[in-house]
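**Q** Have a look at this one before I ask anything.
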Amino acid sequence: MNNKIDCLQCGMILSREMSHCPKCDDLLDQQTDGHVVTVDIAHDRETVRVAITKLNKTLDEVNRDRGAGARFIVGSGRIREAIGAELATYLYRKEILSFEFEGNNQGAILVMLRKH
0 MNNKIDCLQC GMILSREMSH CPKCDDLLDQ QTDGHVVTVD IAHDRETVRV
50 AITKLNKTLD EVNRDRGAGA RFIVGSGRIR EAIGAELATY LYRKEILSFE
100 FEGNNQGAIL VMLRKH
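Be aware that the sequence shown starts at 0, since it is given in numbering that gives the first Met the number 0, and climbs by one per residue.
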């Protein structure tokens, strides 16, 4: 696993464990290139447990890659309800910045980890 990252503000190569850039003093864990990934976690015969596992894995990957967030396709049934409850817990714990069901597609949820 690559343990180096580049500061998106100044370009300095740093250890992934560092919290701020010693060159520009920017907070590394708040930096993002703005990308948002889309993952369908409800339409391949997933159970609620499998969908929550996919949610967590995707959020970990997006966070590690310093993405802005993720869009989850959750459908309209039990998975949608369970993911909404799980994300409400993450929001309460401040593990995510925000989440919202899409206005014209209530079967999709946009989760933001960082401001862009």
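For every residue, glycine included, the Cβ atom is placed at its ideal position computed from N, Cα and C.
Predicted model only: the values in this text are computed from it and were never measured.
Pop quiz: histidine 34 and aspartate 25 are said to be a contact at Cβ under 8 Å. What is the actual Cβ separation, rounded to whole angstroms?
**A** Their Cβ separation, rounded to whole angstroms, is 18 Å, which puts histidine 34 and aspartate 25 out of contact at 8 Å.
**Q** Could you give the residue range of the beta strand (DSSP E) that holds leucine 26?
**A** It is not in any beta strand (DSSP E) - leucine 26 carries neither H nor E in the DSSP assignment.
**Q** Using the Cα positions of alanine 50 and serine 75, report the straight-line distance between them to the nearest angstrom.
**A** 13 Å
**Q** Pull the bridge partners of aspartate 5 from the DSSP assignment, please.
**A** Ile12
**Q** Quick one: give me the first and last residue of the alpha helix (DSSP H) that arginine 77 is part of.
**A** 77-91
**Q** For valine 73, does the three-state DSSP call read helix, strand or coil?
**A** Of the three classes helix, strand and coil, the one that applies to valine 73 here is coil, per DSSP.
**Q** What residue from Arg44, Phe71, Gln30 and Asn103 has the CA that sits closest to arginine 65's CA?
**A** Gln30
**Q** With H, G and I counted as helix, E and B as strand and the rest as coil, what does DSSP make of leucine 112?
**A** coil
**Q** Measuring CB atoms only, is the segment 35-42 touching the segment 51-71, in the sense that at least three cross pairs come out at less than 8 Å?
**A** yes
**Q** To the nearest angstrom, report how far apart arginine 92 and leucine 58 are at their CA atoms.
**A** 15 Å
**Q** Using the C-alpha atoms, what's the distance from proline 21 back to glycine 106?
**A** 43 Å
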